[in-house]
Amino acid sequence: MTHYYKGEARGKKVLIPLFIRGVTLQFISYTSLFSGTEVDEGTRLLLESIVLPEEGSVLDVGCGYGVIGITVAKLNPRLRVYMTDINPLCVKVARINAKLNNVESRVVVLQGDRYEPVKGLKFNAVYSNPPLSAGMSIVEDIVLGAREHLVENGFAQFVLAKGGEYLASEAREVYRSVKTTSKKGYIILHVEV
């Protein structure tokens, strides 16, 4: 997996359809990217239960080829969506997918590690399907680090396959409210400031 962060276009280019919450989307991806041939179960579960602010700006951390952020932009046209990813190929493909789904005027895709590209910015909501393959310290940083990027009364939602209970416990030290929902072996973590 050493090629992951280099952003090389490896594998076959594919088109992935998604129908969720009454909206039809499509995504270009490469088989070398995470969930490169279909939208993964964790992301799908997060999108099924996602809470959207009425307006403002939101952030998708570790956006991959853009499924969460672009779906959010499609579901609520009053939101400006920022997306970050460390992988240059993910950033390139997410930008293409924003255009493909007609939301490019409200989507900003930035390359960089976790919150670094949006340093100093605040959001109404933060979303992520954190990369477990990067290690628990990275996942923990994404979950707990959202706090400093949320406006007052902002919230964040994460989908976690492993370490969910541990991270929920850690989040209780940082956030005003922490709720968890278990579905199909995943935990949806909803935190509020």
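With the sequence shown counted from 1, adding 8 to any position gets you the numbering used here. For every residue, glycine included, the Cβ atom is placed at its ideal position computed from N, Cα and C. On a predicted model such as this, the values are computed, not experimentally measured, just so you know.
Worksheet item: Which full runs of the alpha helix (DSSP H) of 4+ residues lie inside the segment 32-112, going along the chain?
Response: Complete alpha helix (DSSP H) runs here, min 4: 49-56, 75-83 and 96-108.
Fill in: Chain-order list of residues whose beta-carbon lies under 7 Å from that of Gly2 (same chain, five-residue window excluded)
Outside the shown range of the chain (9 to 201) lies residue 2, about which nothing can therefore be said.
Fill in: DSSP bridge partner residues for Glu200 (one or two, in chain order)
Indexing the sequence shown from 1 puts residue 200 at position 192. In the DSSP assignment, Glu200 forms a beta bridge with Phe163 and Ser185.
Worksheet item: If you draw a straight line from the alpha carbon of Gly74 to that of Val201, how long is it in whole angstroms?
Response: On the sequence shown, position 66 is the one that residue 74 refers to. On the sequence shown, position 193 is the one that residue 201 refers to. Near 25 Å, if we compare the C-alpha coordinates of Val201 and Gly74.
Practice prompt. Below 7 Å CB to CB, which residues in the same chain sit around Leu140 once its five sequence neighbours on both sides are set aside?
Written response: In the sequence shown, counting from the first residue as 1, residue 140 sits at position 132. Around Leu140: Val147, Ala169 and Lys170.
Discussion item. For the alpha helix (DSSP H) containing Val147, name the first residue and the last one.
Written reply: If you number the sequence shown from 1, residue 147 lands on position 139. It spans Met144 to Gly153 - the alpha helix (DSSP H) in which Val147 sits, taken as one unbroken run.
Discussion item. If I measure Cβ to Cβ from Thr10 and keep anything under 8 Å in the same chain, skipping five residues before and after, which residues do I get?
Written reply: Position 2 of the sequence shown, counted from the first residue, corresponds to residue 10. Because the pLDDT of Thr10 is 38, which lies under 50, any placement of that residue in the model is unreliable, and the number read from its coordinates should be weighed accordingly. Once the five neighbours on either side are set aside, Thr10 has no close Cβ partner at all.
Fill in: Status (buried if at least 16 other CB within 10 Å, exposed otherwise) for Ser145
If you number the sequence shown from 1, residue 145 lands on position 137. Ser145 counts as exposed, since fewer than 16 other C-beta atoms from the protein chains shown sit within 10 angstroms of its C-beta.
Worksheet item: Can you give the Cα-Cα distance for Leu23 and Ala179, rounded to whole angstroms?
Response: Counted from its first residue, the sequence shown places residue 23 at position 15. Counted from its first residue, the sequence shown places residue 179 at position 171. Approximately 36 Å between the Cα atoms of the pair.
Item to complete: Return helix, strand or coil for Tyr12, following the three-state DSSP convention.
Response: What you label residue 12 is simply residue 4 of the sequence shown in a count that begins at 1. Bear in mind that the predicted position of Tyr12 carries a pLDDT of just 45, short of 50, making it unreliable; the figure below should be weighed with that in mind. Helix, per DSSP.
Practice prompt. Take His157 and list the residues in its own chain whose beta-carbon comes closer than 7 Å to its own, dropping the five residues that flank it on each side.
Written response: Counted from its first residue, the sequence shown places residue 157 at position 149. Here the set comprises Leu67, Tyr123, Val126, Leu129, Lys130, Phe131 and Val134.
Worksheet item: DSSP beta-bridge partners for Tyr135?
Response: Against the sequence shown, residue 135 aligns to sequence position 127. Checking the DSSP bridge columns, you'll see Tyr135 partnered with Asp68 and Gln165.
Item to complete: Compare the beta carbon distance of Ile8 and Ala106 with 8 Å and say whether it is the shorter of the two.
Response: For the chain, the structure presents residues 9 to 201; residue 8 sits outside this window and is missing.
Discussion item. Residues in the same chain with beta-carbon distance under 8 Å from Glu56, minus the five sequence neighbours each way, listed in chain order, please.
Written reply: Walking along the sequence shown from the start, residue 56 turns up at place 48. The residues are Ile28 and Arg29.
Worksheet item: Are the Cβ atoms of Leu54 and Ile196 separated by less than 8 Å?
Response: Indexing the sequence shown from 1 puts residue 54 at position 46. Indexing the sequence shown from 1 puts residue 196 at position 188. Yes, Cβ-Cβ distance for Leu54 and Ile196 is below 8 Å.
Worksheet item: What first and last residue would you give for the alpha helix (DSSP H) that runs through Leu175?
Response: As a working mapping, residue 175 is identified with position 167 in the sequence shown. Per DSSP, Leu175 belongs to the alpha helix (DSSP H) from Gly172 to Ala179.
Fill in: Selected residue, minimal CA-CA separation from Thr39, among Thr51, Gly19, Val47 and Thr32
Residue mapping note: residue 39 aligns to position 31 of the sequence shown, counting from 1. For the residues Thr51, Gly19, Val47 and Thr32, the minimum Cα distance to Thr39 belongs to Gly19.
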